[in-house]
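Structure record follows, encoded as structure tokens.
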Amino acid sequence: MSTLTNPFEIARETLRLLAVRRIPPSPENYQTLYHEIAGTKPGGGLFPEAQLRSLAAALPKASPDQLRLARQLEEAVKSANWDDYKKHLADFVAGLAESQKLGWSELIADLLRLWDAKHSGLTAARKRESLEHVLKTSVANPDTLFTRMQSLLRSWGQGREAEHIEAINAPEAGISEIAPISGLTVASNDLLPELRELFAFTLETAMATQLIESPQLSTDAKALAKDIRTANSAEQLQEFLTRLKRFAFKLELLAEDQTELRHSLLGLLRLLVGNITDLVLDDNWLHGQIDVVREIIDKPLSQRALDDAERRLKEVLYKQSQLKASLSEAREAIKHMLAGFVDQLADFADATSDYHDKIESCAEKITAANDISELESVLGEVMRETRTIQISAQRSRDELRSTQKKVQESEARITELERELETTSDLVRHDQLTGVLNRRGLEEIFTKEAARATRHETSLCVALIDIDNFKKLNDSMGHDTGDEALIHLATICRETLRPQDTVARYGGEEFIILLPDTPLNDAASALTRLQRELTKKFFLHGNDKVLITFSAGVTRMKPDDTQATVIKRADDAMYQAKQTGKNRVVTAEKETA
């Protein structure tokens, strides 16, 4: 058979032979016949340039050997010569096999042995620094790492660690791919002054200033800071470490003492609050302040909670001080009126006594009279005295009526002032921003409503509403606008809901609504009406209308529910409303659009 050279003719002849010889037209059979007709050898076809370039790009280049292998593959692709690359690849694989034969187990055993051993001039810190230095500078090449680790361990055994560091820092010949070592890792001693100064600064500033109430420990911290600045030898550092451990032990004891002291003070405060509560059962105007203090001491101490309670109590106490002054004035007025009343009674009694004496004298004169003329003078005297006592009695009656009226007015004023005191005390149960109940007020109302629902066997529904995208509103328009939005929502709630319904602020943008005597479906409908009302009455930010929506979860209180469990169920339903698109009302049993 003559050799064909035209590829089209070769292909046509290949197909003809496949049919004549009845050979299956597989790629392998086609390739065999093609080479037979063309007179070429199998394997001498097109060079897979694209595949090899992709392989070269994907090869790792972390170490010099890996980088060298990738470059050799790129050169082989450029020259379209796979045979040249096969030798380099075989050498690389052989090198990997040799590196796996390195005695790492013996090397690690030597490292552990020499690490715990005592060496002149070598502390544990120095060993750690030199080991970290070797690891950082040799991570790219296992052979180099093994060699340098061997050198490091020999230097530890011979006490020549400094010489070893210098040898490591010198660049290796023939390995140009290794990056130059950073100046920060050349000599570990370069950082010691800065580290000592940093440690001293920590002791003086961070520690000593926190020990104002413990002068001795504060002095010890400053002394340690002074010592670390002057410590230059291993012996000085070891002595400093011993003193630092003693100092840390004292700090631990101080922390335990302060914790115990805090618990004791809280216990004492609880006793005082409990005693005051027992003593002022009838003084309802004090209950609000006592509840605030009890709420603080029953929870983990928080500076924010203390500041908030202090601010609220100052406002309430200022108002109560003014009301107490008015109340004291009213009571003093009653005392003065009562004293005047007693004086008037005494004067009236004296006048009556004089009148009786004079009447008795007149009676004696009448008995001793001998003619009518003498009786005339006696009767005139009787009439005068009677008229005098009548006028005195009328005056006393008028004064008593006036005093009675003043006493009644003062009693009414006292009652009003006491009511205002109780109302002012109740301010600690209300949220200062929105005017609705806070958590303390919610707890009291929930207890009453739950007891009423149980007693009358009626339904009590609890809803938890959360303003949608409130954080975005705060971030875009400011916190003042966010506060105004909360006030707007609370106002719409009060205007839309029934008088017997209760609204309380539960968290930042969360509100709890109690709906007594309400079935679950009706409660969900009430929340939906509230949503529609909120879309009708836009919240105005300047001249811009801002649409505020909320997601709500509603549930019905069960016989075995507590406040925490029923609110948790409402919160889960509210979360479902958020997940299903927001501006929705979801009940704990089923969804409501």
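Per numbering that gives the first Met the number 0, the very first residue in the sequence shown carries number 0; after that it's consecutive.
Quick reminder that beta carbons are idealized off the backbone N, C-alpha and C, glycines included.
It should be emphasised that the depicted structure is a prediction, and the values quoted were computed from it without experimental measurement.
- Assigned with DSSP and collapsed to three states, D467 falls in coil, not helix or strand.
- One thing to note: T554 has its Cβ within 8 Å of the Cβ of A569.
- No Cβ-Cβ contact shorter than 8 Å links Q562 with E443.
- For S524, there is no enclosing beta strand (DSSP E); the enclosing alpha helix (DSSP H) covers residues 519-535.
- Judged by beta-carbon spacing, P515 lies within the 8 Å limit of L459, meaning their Cβ atoms are closer than that value.
- Boundaries of the beta strand (DSSP E) around T586: 584-586.
- Taking C-beta separations shorter than 6 Å and ignoring five residues to either side along the sequence, the partners of D430 in its chain run N437, R504, following chain order.
- For D559, the three-state secondary structure derived from DSSP is coil.
- Taking each of N582, G580, Q575, K581 in turn and checking the Cα distance to E588, the smallest one comes out for Q575.
- Taking a C-beta distance under 8 Å as the contact criterion, T495 and I512 do not qualify as a contact pair.
- Around the CB of D356, fewer than 16 other CB atoms lie within 10 Å, so the residue is classed as exposed.
- By the Cβ criterion, the stretch 222-240 is in contact with the stretch 198-206, since at least three pairs of Cβ atoms, one from each stretch, lie closer than 8 Å.
- Collapsing the DSSP output to three states places E508 in coil.
- The shortest C-alpha to C-alpha distance from S232 to any of P23, E255, A124 is the one to A124.
- Residue pairing from DSSP places P515 in a beta bridge opposite L459.
- By the neighbour-count definition (other C-beta atoms within 10 Å, threshold 16), I466 is a buried residue.
- The three-state secondary structure of G552, taken from DSSP, is strand.
- Taking the Cα positions, V76 is about 30 Å away from T13.
- In the DSSP assignment, H429 falls outside any beta strand (DSSP E) and carries neither an H nor an E.
- With contacts defined as CB atoms closer than 8 Å, T433 and L472 fail to qualify as a contacting pair.
- L539 sits away from E509, with the two beta carbons spaced by 8 Å or more.
- Judged by their CB atoms, M556 and A449 are nearer to each other than the 8 Å cut-off.
- One Cα belongs to R112, the other to D571, and the distance between them is close to 60 Å.
- Beta-bridge analysis with DSSP links T385 to no other residue.
- For L134, the enclosing alpha helix (DSSP H) covers residues 123-136.
- In this structure, M148 places its C-beta atom within 8 Å of the C-beta atom of L106.
- Per DSSP, V19 lies in no beta strand (DSSP E) segment; the continuous alpha helix (DSSP H) that holds it begins and ends at 6-19.
- Beta-bridge partners of T501 (DSSP): L513.
- DSSP places K225 in the uninterrupted alpha helix (DSSP H) bounded by 214-229.
- Assignment of V435 by DSSP, reduced to helix, strand and coil, places it in the coil class.
- Following the DSSP letters along the chain, one finds L539 inside the beta strand (DSSP E) bounded by residues 538-540.
- DSSP, reduced to helix, strand and coil, places K544 within a strand of the structure shown.
- Secondary structure of G379 (DSSP, three-state): helix.
- Annotation: T490 to G506 spans about 17 Å, alpha carbon to alpha carbon.
- Following the DSSP letters along the chain, one finds A37 inside the alpha helix (DSSP H) bounded by residues 26-37.
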